[in-house]
Ligand code: ADP
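Residue numbers (the numbering used here): 4 to 354.
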């Protein structure tokens, strides 16, 4: 079957070079087993403008050729920026940099931003993990389509390790794998903190360039415990236009800035900044005013990382377990710009 897959891929032509994916050497890996096929495409350029289009074309062609097979095409791009060096001698010593994603309130898209940022970083060639620490509404399993995953425990060098889920080439550990959604509200205080500590220190992360932590909304003891366990190199605050500058966001900024916490703020992402209907892709409706997050960031002295509009593909991606940054080229571009700034912040401020 792997040869058949290659032959399907050899019918897909790169518009710029006129060569097909196979002869261009872009097919890095092909695997097929048990009704599933995975293809890794690696593009030579760091920002091949056709990468996502070709990935979509490859997926469509493979699905047509093998209708009963679940097909996944993963894109990687060559020559990523120099990999950050991992810190040493800790249980999280194989993780080079930790990025926390926070928000003042729930429902502003913090988890969606975390998942899409993870995919954007992976597309840039980084090895990425996601720790879903949002005990009040762990949604990363849904974002990555691995809701039913039950983590295995294994022994590694005499230590017990928890095996993370893997989706879209991203390692994922979520508090949602251990609690039922209806029990989440009972998980307060010490119980949640202990579970999170275990997830931080016992997950078999492997070597990661970036671990993204989806924090619970707001500020509180859980945040402080996570900050105490993991040295966070960059914090990203997600806000919607309505929520900008409200007390919760200000408290978030103050928490990271507090001298006892001192987590470097990478900046603010404005999510749901405008609305673009599917049938009018050029239109932008600023339903809640314009530029608020940028003004707030300037006032608060926090970098502004960029804005993400409300678009259908982001919502659908979240529902279908495939973040839109891996599928929709527009969304990938918006997230790429934010990811580049976050990487720069994590590399310069961190450690
Ligand atoms: P939070 O983690 O802050 O509670 P979520 O990431 O779960 O919020 O997002 C809340 C809802 O909003 C989800 O249904 C998600 O699909 C949707 N959503 C988030 N960002 C966008 C966006 N930019 N465009 C469309 N829908 C979005």
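Positions of the beta carbon are idealized from the N, C-alpha and C atoms, including for glycine.
Given the structure is predicted, the values throughout are model-derived calculations rather than measurements.
| Check | Outcome |
| --- | --- |
| Applying the criterion that 16 or more other CB atoms from any shown protein chain within 10 Å of the CB defines a buried residue, is residue 120 buried or exposed? | buried |
| Which first and last residues belong to the beta strand (DSSP E) in which residue 217 is found? | 211-217 |
| Relative to ligand 1, is the shortest distance from any of its heavy atoms to the C-beta of residue 112 smaller than 7 Å? | yes |
| Relative to ligand 2, is the shortest distance from any of its heavy atoms to the C-beta of residue 21 smaller than 7 Å? | Absent from the structure shown: ligand 2. Ligands present: ligand 1. |
| Residue 102 and residue 236 - do their beta-carbons sit closer together than 8 Å? | yes |
| Of all the options 185, 45 and 5, which has the alpha carbon lying nearest to the alpha carbon of residue 17? | 45 |
| Starting from residue 319, follow the alpha helix (DSSP H) in both directions and report where the run begins and ends. | 315-323 |
| If we ignore side chains and look at the alpha-carbon of each, how far apart do residue 292 and residue 244 end up? | 7 Å |
| Within the present structure, is the beta-carbon of residue 138 separated from the nearest heavy atom of ligand 1 by less than 7 Å? | no |
| Look at the alpha carbon of residue 222 and the alpha carbon of residue 58, and state the distance between them as a whole number of angstroms. | 39 Å |
| Taking C-beta to C-beta, are residue 254 and residue 107 nearer than 8 Å? | yes |
| Which residues mark the beginning and the end of the alpha helix (DSSP H) in which residue 274 is found? | No alpha helix (DSSP H) contains residue 274, which is instead part of the beta strand (DSSP E) from 268-278. |
| Give every residue of the same chain whose Cβ lies closer than 6 Å to the Cβ of residue 137, excluding the five residues on either side of it in the sequence, and list them in chain order. | 217 and 219 |
| Enumerate, from N- to C-terminal direction, the unbroken alpha helix (DSSP H) stretches of 4 or more residues contained entirely within the segment 85-136. | 113-126 |
| Determine contact between the segment 141-149 and the segment 168-179, defined as no fewer than three beta-carbon pairs at a distance below 8 Å. | yes |
| My parser needs the beta strand (DSSP E) runs of 3 or more residues fully inside the segment 13-40; what are they? | 30-36 |
| Can you list, in chain order, the residues of its chain whose CB lies under 8 Å from that of residue 38, leaving out five sequence neighbours each side? | 71, 72 and 73 |
| On the CB-based measure, 16 or more other CB atoms within 10 Å of its CB, does residue 42 come out buried or exposed? | buried |
| Between the Cα of residue 346 and the Cα atoms of 129, 228 and 186, which residue gives the shortest distance? | 129 |
| Going by DSSP, name the residue or residues bridged to residue 309. | 272 |
| Leaving out the 5 sequence neighbours to the left and right, which residues in its chain are closer than 8 Å to residue 200 when beta-carbon positions are compared? | 228 and 232 |
| Ordered along the chain, which non-local residues of its own chain (more than five positions away) have a Cβ less than 6 Å from that of residue 35? | 4 and 5 |
| Quick one: does the C-beta of residue 311 sit closer than 7 Å to a heavy atom of ligand 1? | yes |
| Figure out for me which residue from 69, 153 and 53 has the closest Cα to the Cα of residue 180. | 153 |
| Pull up the distance between the alpha-carbon of residue 212 and that of residue 174, whole angstroms please. | 12 Å |
| Determine the closest residue to residue 283 out of 305, 315, 295 and 267, with distance taken between C-alpha atoms. | 315 |
| From residue 246 to residue 337, what distance separates their C-alpha atoms? | 21 Å |
| On the DSSP bridge list, what partners appear for residue 302? | For residue 302, which the question treats as bridged, DSSP gives no partner whatsoever. |
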